[in-house]
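As they're listed, the protein sequences go chains L and W. Each residue of the first sequence is one higher than the one before, starting from 1 at the first, in our numbering. Each residue of the second sequence is one higher than the one before, starting from 1001 at the first, in our numbering.
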Amino acid sequence: MPPLLLVAAAEAASCVPMRLNDLGHLLQVMGTFLGLSLFSLGGGNTLLAEYHHLSVVEYCWLRPSQFADLYALAEAAPGPSSMIVGLLGMGAGWPEGPGWALLSAYGAEIAILLPSTLLMVVACLSWNRLRESPWRVAFERGLGPITLGILFAVGVKILQTADTNAPGVVVSLLVCVLMLRTRISPLWFMAVAGGLGAFGLINR
Amino acid sequence: MTDPPAPAATAAPPGLGQLFTGMLMVALSAFGGGLSAWSQRIIVEQRRWMSNEEFLTGLTVARLFPGPNQINMAVYVGTFFRGLPGALAALAGMLLVPFTLLMGIGLLYFQFHSLPALDRVLAGVVAAAAGMALSMGFKILDEYRKDPVALLLAAVTFVLMTFFHVRLVPLVLVAGPLAMAWYWPRRSQPGPPAGEPR
Chain L
1 MPPLLLVAAA EAASCVPMRL NDLGHLLQVM GTFLGLSLFS LGGGNTLLAE YHHLSVVEYC
61 WLRPSQFADL YALAEAAPGP SSMIVGLLGM GAGWPEGPGW ALLSAYGAEI AILLPSTLLM
121 VVACLSWNRL RESPWRVAFE RGLGPITLGI LFAVGVKILQ TADTNAPGVV VSLLVCVLML
181 RTRISPLWFM AVAGGLGAFG LINR
Chain W
1001 MTDPPAPAAT AAPPGLGQLF TGMLMVALSA FGGGLSAWSQ RIIVEQRRWM SNEEFLTGLT
1061 VARLFPGPNQ INMAVYVGTF FRGLPGALAA LAGMLLVPFT LLMGIGLLYF QFHSLPALDR
1121 VLAGVVAAAA GMALSMGFKI LDEYRKDPVA LLLAAVTFVL MTFFHVRLVP LVLVAGPLAM
1181 AWYWPRRSQP GPPAGEPR
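This is the structure:
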């Protein structure tokens, strides 16, 4: 058994969901995402590793394979891929039934967007003063490299969570190269890889 | 709300309803990708709400501040004309259709994901999605090629997260200020220190 699998199995086994009533669950979901909103640097993808940690390891909303599935669905669906937060919220609320799952999904999405939206409104209204400020220059140039490091860490984390067999990893690396070298829509990659999965060439 | 000093080419500033429908159009047009190109086409070229320069400023602000870029862009357009209510109207227009669709997909997923056939297809899709995630860092790597300090910062960040399992929030709170101090603009500005925001 490859070490990645062992890690995933250990995570799944050690994760005991907190006992909360349905409203408590909803508040937990919303509080979690409210607190993370202002840390979504570089367009929000920097938060994916943290989403994984919270929803799979800490709160046990999802199994690792489910997290990977939801990431793929959010990437495939039209619209901003950061809407994955809605799907995570839905996973958190699913044990309480579809109605709560939907409520939890909307709650999660509103929670992750609200603080960054408010900050963005303030930023737009004061942009003329901010533009020349040394704070802005330092923020932009200083946080850029950190964002770069986080994005690489996120890529590795998602690859670990996908946890496919060797052909699957080859497909992942190939898609990575094609994403960088061509302008082919990623939907094609997902469709082809989905076909390979259906025929059993890629499995997990 | 005062009108921005608009050049003659721009149309009247949109109301809340127009902001909502405008962003709805952007979101619908962008099914399949190219969201920021579509928002430029609709907001600048078709509806003439903004000049191209104002739009590009919006992209800069949207990328700089936390939050998803495209969503921040909607917030910028809304705020530009109608402040906070405008931001919320634009945001609702941008998200209404894609989010509703995603919720449908999510409900189907949680209902049926244990079906073996679906799980097998998803295993393949997940492999492709992992490749997309892996490409995100490489996409912006070029900007930092000539800056060894930036590469070192990125490498340390990567190692801390991947091998030492340092969490995002403490990492950003410690490394962020250090990096900002290093990159603080050195050349002293002429004149007295102007009133800084905050």
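C-beta atoms are modelled at their ideal positions from N, C-alpha and C, and glycine is treated no differently.
- A check of alpha carbon separations from G91 of chain L across L:Y106, L:G79, L:L173 identifies L:Y106 as the nearest.
- Residues of the segment 1117–1141 of chain W with a C-beta less than 9 Å from any C-beta of chain L: A1117, D1119, R1120, V1121, L1122, A1123, G1124, V1125, V1126, A1127, A1128, A1129, A1130, G1131, M1132, A1133, L1134, S1135, M1136, G1137, F1138, K1139, I1140, L1141, listed in chain order.
- Those residues of the segment 1149–1168 of chain W placed with their C-beta closer than 9 Å to a C-beta in chain L are V1149, A1150, L1151, L1152, L1153, A1154, A1155, V1156, T1157, F1158, V1159, L1160, M1161, T1162, H1165, R1167, L1168, ordered along the chain.
- A Cβ-Cβ distance of about 4 Å is found for the pair P1068 of chain W and G44 of chain L, placing them in contact under the 8 Å criterion.
- When the five nearest sequence neighbours on each side are left out, the beta carbons in the same chain lying within less than 6 Å of the beta carbon of E75 of chain L are those of S81, in order along the chain.
- Your pair A1074 of chain W and M1025 of chain W does not check out as a contact, with CB atoms roughly 12 Å apart and the cut at 8 Å.
- Residue-level contact by beta carbon fails for R183 of chain L and chain W, as no gap is shorter than 8 Å.
- For the options W:L1178, W:A1150, W:I1071, the alpha carbon positioned closest to that of I110 of chain L is the one of W:I1071.
- Positions of the alpha helix (DSSP H) runs, each at least 4 residues long and wholly inside the segment 80–122 of chain L, are given as 84–93 in order along the chain.
- Interface annotation, M1180 of chain W: in contact with chain L, CB-CB separation under 8 Å.
- For S1114 of chain W, no alpha helix (DSSP H) encloses it, and the DSSP letter there is neither H nor E.
- For L1151 of chain W, the uninterrupted alpha helix (DSSP H) run begins and ends at 1148–1163, by DSSP.
- Any Cβ of chain L closer than 8 Å to the Cβ of F1055 of chain W would place that residue at the interface, and such an atom is absent.
- With at least 16 other beta carbons inside 10 angstroms of its own, W61 of chain L counts as buried.
- The beta-carbon separation of A1133 of chain W and T1157 of chain W, rounded to 16 Å, does not stay under the 8 Å limit for a contact.
- The alpha-carbon of A72 of chain L is positioned some 44 Å away from that of R1186 of chain W.
- N1069 of chain W has a beta carbon lying within less than 8 Å of a beta carbon in chain L.
- By the Cβ rule, the segment 155–170 of chain L counts as touching the segment 1124–1142 of chain W, because three or more pairs are nearer than 8 Å.
- For G44 of chain L, the chain W residues whose Cβ falls inside 7 Å of its Cβ are G1067, P1068, in order along the chain.
- A check of alpha carbon separations from G89 of chain L across W:L1160, W:L1088, W:L1102, W:E1045 identifies W:L1102 as the nearest.
- Taking the C-beta atoms as reference points, A1127 of chain W is found no nearer than 8 Å to I84 of chain L.
- Put simply, the CB of L1019 of chain W is far from chain L, with every gap to its CB atoms at 8 Å or more.
- Beyond the five residues adjoining it in sequence on each side, T147 of chain L comes within less than 7 Å, by CB distance, of L41, G42, T46 in the same chain, given in chain order.
- Close CB contacts of D22 of chain L within its chain, under the 8 Å cut and outside five residues either way in sequence, are with G93, E96, W100 (chain order).
- Think of a sphere of 9 Å around the beta carbon of P1185 of chain W: the chain L residues whose beta carbon falls inside it are P134, V137, A138, R141, in chain order.
- For P64 of chain L, the number of other beta carbons within 10 angstroms of its own is at least 16, and it is reported as buried.
- For A1090 of chain W, no Cβ of chain L is located within less than 8 Å of the residue's own Cβ.
- Measuring C-alpha to C-alpha distances from P78 of chain L to each of W:V1077, W:E1054, W:M1094 identifies W:M1094 as the nearest.
- Between V1172 of chain W and A193 of chain L, the beta carbon gap of about 33 Å keeps them out of contact (Cβ cut-off 8 Å).
- Taking a Cβ-Cβ threshold of 8 Å, none of the residues of chain L is close to I1042 of chain W; the smallest such distance is about 16 Å.
- The beta carbon of M1025 of chain W sits no closer than 8 Å to any beta carbon of chain L.
- Against chain L, the beta carbon of P1098 of chain W has neighbours under 8 Å at A77, P78, G79, P80, M83, listed in chain order.
- Beyond the five residues adjoining it in sequence on each side, A1179 of chain W comes within less than 8 Å, by CB distance, of L1153 in the same chain, given in chain order.
- Within the same chain, and ignoring the five residues on either side of P1177 of chain W in sequence, no residue has its Cβ closer than 8 Å to its Cβ.
- The shortest CA-to-CA distance from A138 of chain L to any of W:W1182, W:F1110, W:E1143, W:S1039 is the one to W:W1182.
- In terms of Cβ geometry, A49 of chain L and A162 of chain L do not form a close pair [threshold 8 Å].
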